[in-house]
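**Q** Using the numbering used here, the first residue of the sequence shown is number 12, and each one after it goes up by one.
Where a beta carbon is used, it is the ideal one built from N, C-alpha and C, also for glycine.
If you're wondering where the values come from, they're calculated on a predicted model, not measured in any experiment.
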Amino acid sequence: MLDFRMETFLTVCEYMNFTHAAEKLNLTQPAVSQHIKHLEEEYDSPLFIREKKKLLLTPAGEILKSALETMRNDQNTIKKRMKESITSKKVLTFGVTMTIGEYSIVPALTKFIQNHSDTNFHIRYGNTKKLLSLLSEGLIDFAIVEGYFKDDYYQTRIFKSEEYIAVASKDHIFKKKIQGVRDLTSECLLIREPGSGTRDILTKTLALKNMSIHNFPHIIEIENIHTLVSLLRHDCGISFLYKAAVEKEIADGTLKQIPLTDFMIMHDFTFLWNKDSIFSEEYENIFQELQKFS
């Protein structure tokens with residue numbers, strides 16, 4: 012069980028503000044400060060620094076945060092496994108992003124479930140940011156994500172690589188001849204919400220070209236992949252998506268890939284869990300089995 016001062020430290024990490032952490036924990040701010048001071052003395056290292064009125068973790072603080080999140084996750088898993096021992100029914104809880112859950116993992120997951128009739132499954136959907144938060148809080152065992160993250164905190168395995176493309180309705184008429192990405196900036200852009208891996212890839216790719224989504228005159232932000240694809244089919248704009256998400260529509264001719272000379276991207280779907288978890292061997296075995304079926 013985590014020491015109460017460690018819980019205080021993780022809450023400060025969550026808010027990066029002593030006052031807000033104190034409110035969350037129903038403590039006074041001096042009490043929160045005292046807890047942090049105790050940990051700094053215990054580990055003989057500063058955990059936070061202030062830079063231009065902003066609270067930042069030190070390198071030592073980053074190490075402690077990663078370790079404590081793993082401990083909290085393992086602690087929650089141990090509690091869950093102890094309850095499972097009473098019913099003799101194992102429960103596997105994991106998260107997937109929308110594109111992966113809807114289009115990429117189903118064949119492998121079907122066979123995995125069929126091979127594990129003694130296991131109950133709880134599958135959480137969310138964008139990459141949300142799933143990483145659930146993982147750090149110990150609410151899921153592992154996740155398969157498409158977005159960017161800090162490798163330092165996780166054990167990672169590449170589940171598969173997918174092509175990322177520009178897409179439009181088959182009936183879409185472009186305002187100009189299209190060769191490169193910049194030629195699309197007169198079009199309405201359909202885009203996923205902040206925190207989505209699908210959006211992160213686009214924003215980072217555009218940044219390498221000294222561009223951003225704000226180069227597009229009209230943006231429609233959508234939190235649901237099915238709604239986004241439906242709007243594409245009805246010619247409400249263009250978008251950038253994993254090919255796996257629109258393979259059926261491209262095959263039946265309702266959507267078309269936009270050929271671009273300067274946009275050829277393959278991106279990894281990553282299977283990950285908290286680094287140094289005591290359940291690492293189990294998660295590794297699950298990954299190997301899922302990949303064998305994919």
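Counting only runs of 4+ residues fully inside the stretch 88-144, write out the alpha helix (DSSP H) ranges in chain order.
**A** Listed in chain order, they are 117-126.
**Q** Checking 8 Å against the spacing of the C-beta atoms, do L252 and V178 come in under that value?
**A** yes
**Q** According to the neighbour-count rule (16 or more other Cβ atoms, all chains shown, within 10 Å of its Cβ), is A262 buried or exposed?
**A** exposed
**Q** Please tell me whether G2 and G158 are closer than 8 Å, where the distance is taken between their beta carbons.
**A** Residue 2 is absent from the structure shown; the chain starts at 12 and stops at 305.
**Q** Which residues bound the alpha helix (DSSP H) around R210?
**A** Per DSSP, the unbroken alpha helix (DSSP H) holding R210 starts and ends at G208 to L219.
**Q** Buried or exposed for V257, please, with buried defined as at least 16 other CB atoms from any protein chain shown within 10 angstroms of its CB.
**A** buried
**Q** Let's see if you can read the secondary structure: which residues bound the beta strand (DSSP E) around H278?
**A** I276 to N285
**Q** Buried or exposed: which applies to D152, given that a residue is buried once 16 or more other Cβ atoms fall within 10 Å of its Cβ?
**A** buried
**Q** Just to confirm, does D129 get its C-beta within under 7 Å of one of the non-hydrogen atoms of the ligand ZN?
**A** You won't find the ligand ZN in this model; it holds no ligand whatsoever.
**Q** Could you tell me whether the stretch 27-43 touches the stretch 75-92, where touching means 3 or more Cβ pairs closer than 8 Å?
**A** no
**Q** Let me know if Y54 comes out buried or exposed under the rule of 16 or more other beta-carbons within 10 Å of its beta-carbon.
**A** The Cβ neighbour count for Y54, taken over all protein chains shown within 10 Å, is under 16; the residue is labelled exposed.
**Q** Let's test the definition: count the other Cβ atoms within 10 Å of the Cβ of V117 and tell me whether it reaches 16, buried, or not, exposed.
**A** exposed
**Q** Taking only the alpha-carbon atoms, compute the straight-line gap between L271 and L219 and give it to the nearest angstrom.
**A** 16 Å
**Q** Determine the contact status of N285 and Y165, defining contact as a CB-CB distance below 8 Å.
**A** yes
**Q** Run through DSSP, which three-state label would F251 get?
**A** strand
**Q** Rounded to whole angstroms, how far is the Cβ of T216 from the Cβ of I276, which I believe are closer than 8 Å?
**A** 6 Å
**Q** Among all the DSSP beta bridges, which residues are the ones paired with C24?
**A** Paired residue(s): none; C24 is not in a bridge.
**Q** Start and end of the beta strand (DSSP E) containing R168?
**A** Y165 to S180
**Q** If you measure between the beta carbons of K76 and L21, is that distance less than 8 Å?
**A** In contact: K76 and L21 (Cβ atoms closer than 8 Å).
**Q** For the structure I just gave you, are there three or more beta carbon pairs, one from the stretch 134-142 and one from the stretch 171-186, closer than 8 Å?
**A** Not touching, per the Cβ criterion.
**Q** Which partner residues does K65 have in the DSSP bridge list?
**A** E62
**Q** What is the DSSP secondary structure of Q86, reduced to helix, strand or coil?
**A** helix
**Q** Can you tell which of D211, T108, L283 and P228 has its C-alpha closest to the C-alpha of I236?
**A** T108
**Q** Applying the criterion that 16 or more other CB atoms from any shown protein chain within 10 Å of the CB defines a buried residue, is R61 buried or exposed?
**A** Classification for R61: exposed.
**Q** Just grab the DSSP bridge partners of K267 for me.
**A** Per DSSP, A179.
**Q** Within 10 angstroms of its Cβ, does I97 collect 16 or more other Cβ (buried), or is it exposed?
**A** By the 16-neighbour rule on beta-carbons within 10 angstroms, I97 is exposed.
**Q** Any idea if L58 is buried or exposed, counting beta-carbon neighbours within 10 angstroms, 16 or more meaning buried?
**A** buried
**Q** Specify, as a first and last residue, the run of the alpha helix (DSSP H) that F298 falls within.
**A** Residue range S291 to F304 is occupied by the alpha helix (DSSP H) that includes F298.
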